[in-house]
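Q: In full-length UniProt numbering, the protein residues as written are 1 to 279. I'd like to ask you about the structure that follows.
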């Protein structure tokens, strides 16, 4: 299995700005030619960057952003490196299993558990999105504490058309509310940045050419606060959601997604309905 080398990242840029008492770690998705599609290497490289930023005493805040016109087009459907290529982060079992077992184990590792881990990083995580964020790209935003969107940002999870319930990290009801979540999933329609802000998924909408300046200014403002106070404030809000059953709901929806994949395998021989239509 391969360990990630921060000096040789292939899908990301990683840098620490102003290291010291108010340092800001910046993680930048860097597959613009693929619309920053998330492959397994990107997932493990992100996790390595987040680990480093969390452990460094000269980093107070973390920023996630993306190069190119779009934040993320979702999972890379042309994935060439399996989950077992990399050092596993969680004690999953069944990667070499039969039937639906292997797919479920792999997606539990790289999508459900990894996103939840990032959601609980001990430092504030800000995300900046421009252009399209589709399906599997949404959890890369939803794990953030604050989301800033460019005015051209749009969001969609169209995968009900694949015969499944939604993406693996099923936070839709928490992010946009239950009724809008159902509309978003049933129709696959785009959600504008303005609507996402009104629903509470996005904190601020800014002109596209001001996005990075805005998010870095907010990160710098937050970095002026005591690190331990920021950590406790974040945990307090997250624990309020956990008390409402967020993690239980996420795990239940993940299990239902793999019921859907198993059903599709029985009906069509592949894990998605082949009659899907692109958004």
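We treat Cβ as the ideally placed atom computed from N, Cα and C, and that holds for glycine. Computed from a predicted model, the values in this text were never measured in an experiment.
Cβ atoms of residue 44 and residue 111: under 8 Å apart, would you say?
A: No, Cβ-Cβ distance for residue 111 and residue 44 is not below 8 Å.
Q: At 4 residues or longer, and completely inside the stretch 112-143: list those alpha helix (DSSP H) runs for me, N to C.
A: The stretch 112-143 contains these whole alpha helix (DSSP H) runs: 114-119 and 138-142.
Q: Assign residue 236 to one of three DSSP states: helix, strand, or coil.
A: Here residue 236 sits in helix by DSSP.
Q: Please confirm whether residue 191 and residue 156 have their CB atoms less than 8 Å apart.
A: It is a contact, given that the beta carbons lie within the stated cut-off.
Q: Do residue 202 and residue 147 come within 8 Å of each other at the CB atom, strictly closer than that value?
A: Contact: yes.
Q: Look at the alpha carbon of residue 9 and the alpha carbon of residue 28, and state the distance between them as a whole number of angstroms.
A: Distance between the alpha carbons of residue 9 and residue 28 is about 11 Å.
Q: In whole angstroms, what is the alpha-carbon distance linking residue 231 and residue 164?
A: Answer to the nearest angstrom: the Cα atoms are 36 Å apart.
Q: Could you pull the DSSP bridge partners for residue 154 from this structure?
A: Bridge partners of residue 154: 132 and 192.
Q: Tell me whether the beta-carbon of residue 237 lies closer than 8 Å to the beta-carbon of residue 151.
A: No, the Cβ-Cβ distance between residue 237 and residue 151 is not below 8 Å.
Q: So residue 280 and residue 12 are supposed to be a Cβ contact under 8 Å. How far apart are they, rounded?
A: Since the displayed the chain opens at 1 and closes at 279, residue 280 lies outside it and no answer follows.
Q: Taking the continuous beta strand (DSSP E) assigned at residue 17, which residues delimit it?
A: Segment 12-17, the beta strand (DSSP E) holding residue 17.
Q: Any chance the stretch 252-266 sits against the stretch 137-146, with 3 or more Cβ pairs inside 8 Å?
A: Too few Cβ pairs lie closer than 8 Å, so no.
Q: What are the boundary residues of the alpha helix (DSSP H) that includes residue 258?
A: Element bounds for residue 258: 246-268.
Q: Going by other Cβ atoms of all chains shown within 10 Å of its Cβ, with 16 needed for buried, is residue 80 buried or exposed?
A: Its Cβ having fewer than 16 others within 10 Å, residue 80 is exposed.
Q: Give, in chain order, every unbroken run of the alpha helix (DSSP H) that is at least 4 residues long and sits entirely within the stretch 6-59.
A: Runs of the alpha helix (DSSP H) inside the stretch 6-59: 40-55.
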